[in-house]
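The structure appears below as structure tokens.
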Amino acid sequence: MSEGNQGSIAGTRRVLKGLHGLGGVRTPSSVLPGVLARVGLRDTYWQQDSPIGPIYVAYGEGGVSAVRRASEAGGFAEWYRTRFGRPVMQAARPPRALAEVVERRLGAGAQGDIEIDLRGVSAFQRAVLQKTLEIPRGEVRPYGWIAREIGRPGAVRAVGSALNHNPVPLLIPCHRVVQTNGRVGEYAFGSAAKRAVLEAEGASPDLLEELARRGVRYLGDTEDHTFCLPTCAGMHRRLTEPRYVTFRTPQQAVSAGYRACDVCRPALAS
Amino acid sequence: MSAEQCVIEQFDEMTENLSHALALDLDGHFERLVLCYQDRIYAFCLRYTRKPEDAEEIAQDVFVSAYRALRAYPADRIRALALRPWLYQIALNGCRNRARGKHLRLVPLQGGEDGHAEIELEADERERPDTVLERGERIREIGILVAALPERYRAAIVLRHVDGMGYAEAAAVLGEPVGTVKSKVHRGVQMLRETMDRSANEGSV
């Protein structure tokens, strides 16, 4: 046998040994819960930072199903089973794509599409929640606006109740819905948390409260003669500039020669 | 039951029991299927893609697809199913689809007149093969080399020599004749050996 051949046999042995050593890996612990959740056998939850502190986010076959503050969720698994009638298991972390969209929605990034499991809610509540998803970050809308937009202008109180039972607060931004008089109002996690989240999103709750105290419900742009809800495109933060005027009612705006903004659709938001 | 219990020696027997159990009660036994195969499937995907995030996603997709397929299959078909090669087939498809989306930045083989080929490694990832060699991180090094192999050799090599699969089963996974798989494995090992020799020589200069 030539020297080269011996070298090559030793080399081959080295390769095979090396290859064999590649097999001993452990699957990340998130795989099993992720699979079981996606096929609908067992829902999964993980802990996640948020503007209101640590939260639990649960998901299953139908998408994200629940968001709860970790500090309130002593026995999250028990609570979940009682509320949804399905078991849930904790995972260290969610599938990557889901983690990314949740991070983006909780943070300052672009919103991105998120699958939310709304199978357990009524058609009315679903309409309310879906409409709420349309409110941009940094803006707010009154309860009455939601009611009117979903074609149920008389159901303002029911809108409040539907939002109070939002299964996925923060992800469906019910904190962006405020009282019809413009005040920030109540929140499932407490009004202080609501103000904190709005502040973090750039909606200036102090300014909103001040406008509400002064009875200001609409802002008009003196250049293009449209009137808007105060936070539309962040107008409320530019209120000190000379080009903005305030209105108490849509009628006042209309008689001053202003037309309703196409984007925030403020008219009849009473 | 834990994944550790699923040692390779028990696999044939287990597979048969498991496919019967799945045929009877898919939801009741599906978790067991994942626990038994996830490490091997994940390892295969990891060695194929060398990217832990990709491997994790593909592995998860494999079992989700498997569940959906099993849901749709009649009981007879599930009972007759050779689970292991079937899962590997799904994994291989997943890896190939992913690779098609994002091509590995490989310089194509430059075949010399004697058929010797050179594998160019990706220069990024802060893992220069020569440094790796000096540190003796053999697993890391060979992982890089395997991932840099052309796809037609890589899949065969990983099935045969990383997962320790027999040629017949590997051929079933790849959908190719046994002879073809054998020659691919042989050629792949040869290429790895040549690259390792070259790295070792350069490292000692």
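Here the protein sequences line up with chains A and B, keeping their order. Counting along the first sequence from 1, when you hit position 255 you're at 255 in my numbering, and nothing is skipped either side. Counting along the second sequence from 1, when you hit position 49 you're at 1049 in my numbering, and nothing is skipped either side. Where is the CB? At the ideal position from N, CA and C, for every residue including glycine. Please read all numbers here as calculations on a predicted model, not as lab measurements.
Under 9 Å between C-beta atoms of residue i and residue j
{"i": "A:Val168", "j": "A:Val67", "result": "yes"}
{"i": "A:Pro51", "j": "A:Leu98", "result": "no"}
{"i": "A:Gly60", "j": "B:Arg1193", "result": "no"}
{"i": "A:Ala158", "j": "A:Cys174", "result": "no"}
{"i": "B:Val1158", "j": "B:Arg1084", "result": "no"}
{"i": "A:Arg69", "j": "A:Tyr80", "result": "no"}
{"i": "B:Ala1171", "j": "B:Pro1177", "result": "yes"}
{"i": "A:Ile146", "j": "A:Val177", "result": "yes"}
{"i": "A:Val245", "j": "A:Thr222", "result": "yes"}
{"i": "A:Arg13", "j": "B:Met1196", "result": "no"}
{"i": "B:Ala1066", "j": "B:Leu1033", "result": "yes"}
{"i": "A:Leu198", "j": "A:Val184", "result": "yes"}
{"i": "B:Ile957", "j": "B:Leu1081", "result": "Past the boundaries of the shown model lies residue 957 of chain B; chain B is included only from 1001 to 1205, so the question cannot be answered."}
{"i": "A:Ile114", "j": "A:Gly182", "result": "no"}
{"i": "A:Gly21", "j": "B:Ala1043", "result": "no"}
{"i": "B:Gly1091", "j": "B:Val1062", "result": "It should be pointed out that residue 1091 of chain B corresponds to Ala in this sequence rather than to Gly. Going by C-beta atoms, B:Ala1091 is nearer than 9 Å to B:Val1062."}
{"i": "A:Asp43", "j": "A:Ser29", "result": "no"}
{"i": "A:Ala253", "j": "A:Gly215", "result": "no"}
{"i": "B:Ala1156", "j": "B:Leu1174", "result": "yes"}
8 Å contact criterion, which residue i and residue j should meet: CB distance rounded
{"i": "B:Val1162", "j": "A:Leu19", "result": "5 Å"}
{"i": "B:Val1146", "j": "B:Arg1138", "result": "Going by Cβ atoms, the distance from B:Val1146 to B:Arg1138 rounds to 12 Å, so no, they are not a contact pair."}
{"i": "A:Val88", "j": "A:Tyr45", "result": "5 Å"}
{"i": "B:Cys1045", "j": "B:Cys1095", "result": "6 Å"}
{"i": "A:Ile116", "j": "A:Leu171", "result": "7 Å"}
{"i": "A:Arg213", "j": "A:Phe247", "result": "A:Arg213 to A:Phe247, Cβ: 16 Å. No contact."}
{"i": "B:Gln1038", "j": "A:Thr27", "result": "4 Å"}
{"i": "A:Arg126", "j": "A:Leu133", "result": "Not confirmed; about 11 Å, so no contact."}
{"i": "B:Asp1027", "j": "A:Leu41", "result": "6 Å"}
{"i": "B:Lys1184", "j": "B:Arg1152", "result": "6 Å"}
{"i": "B:Val1189", "j": "A:Leu129", "result": "Not confirmed; about 58 Å, so no contact."}
CB contact check: residue i to chain A, cutoff 9 Å
{"i": "B:Pro1052", "result": "yes"}
{"i": "B:Leu1018", "result": "no"}
{"i": "B:Leu1081", "result": "no"}
{"i": "B:Glu1202", "result": "no"}
{"i": "B:Gly1164", "result": "yes"}
{"i": "B:Leu1192", "result": "yes"}
{"i": "B:Gln1038", "result": "yes"}
{"i": "B:Arg1068", "result": "yes"}
{"i": "B:Glu1031", "result": "yes"}
{"i": "B:Asp1076", "result": "no"}
{"i": "B:Gln1060", "result": "yes"}
{"i": "B:Asp1197", "result": "yes"}
{"i": "B:Leu1035", "result": "yes"}
{"i": "B:Glu1056", "result": "yes"}
{"i": "B:Tyr1153", "result": "no"}
{"i": "B:Val1132", "result": "With a pLDDT of 42 at B:Val1132, under the threshold of 50, the modelled position of this residue cannot be trusted; read the value that follows with caution. No, its Cβ sits nowhere closer than 9 Å to a Cβ of chain A."}
{"i": "B:Arg1100", "result": "no"}
{"i": "B:Arg1047", "result": "yes"}
{"i": "B:Glu1141", "result": "yes"}
Below-9 Å beta-carbon distance, residue i vs any chain B residue
{"i": "A:Arg195", "result": "no"}
{"i": "A:Pro87", "result": "no"}
{"i": "A:Pro28", "result": "yes"}
{"i": "A:Ser65", "result": "no"}
{"i": "A:Thr12", "result": "yes"}
{"i": "A:Arg38", "result": "yes"}
{"i": "A:Gly23", "result": "yes"}
{"i": "A:Arg157", "result": "no"}
{"i": "A:Val15", "result": "yes"}
{"i": "A:His175", "result": "no"}
{"i": "A:Val207", "result": "Note on residue identity: the sequence assigns Leu, not Val, to residue 207 of chain A. For A:Leu207, the answer is no, since every Cβ of chain B falls outside 9 Å of its Cβ."}
{"i": "A:Gly34", "result": "yes"}
{"i": "A:Val101", "result": "no"}
{"i": "A:Ala91", "result": "no"}
{"i": "A:Leu219", "result": "no"}
{"i": "A:Gly62", "result": "no"}
{"i": "A:Val31", "result": "yes"}
{"i": "A:Ser204", "result": "no"}
The ligand ZN heavy atom lying under 8 Å from the CB of residue i
{"i": "A:Asn164", "result": "As far as ligands go, the structure on display features none, and thus does not contain the ligand ZN."}
Flag this pair as touching only if the segment 1059–1071 of chain B and the segment 1020–1036 of chain B have three or more C-beta atom pairs under 8 Å; answer yes or no.
yes
Is the segment 251–269 of chain A in contact with the segment 222–235 of chain A, if contact means three or more CB pairs nearer than 8 Å?
yes
Indicate whether the contact test is met: 3 or more Cβ pairs, each with one atom in the segment 80–94 of chain A and one in the segment 30–44 of chain A, closer than 8 Å.
yes
Touching by the beta-carbon criterion (3+ pairs, under 8 Å), the segment 127–141 of chain A and the segment 76–87 of chain A:
no
If contact is defined by three or more beta carbon pairs under 8 Å, each pair taking one atom from either stretch, is the segment 195–208 of chain A in contact with the segment 228–242 of chain A?
With the cut-off at 8 Å, the segment 228–242 of chain A and the segment 195–208 of chain A touch.
Where in the segment 110–171 of chain A do unbroken runs of the alpha helix (DSSP H), each at least 4 residues long, occur, reported from the N-terminal end onward?
123–132, 143–149, 156–164
Report the residue ranges of all alpha helix (DSSP H) runs contained in full by the segment 1027–1060 of chain B; include only those spanning at least 4 residues, in chain order.
none
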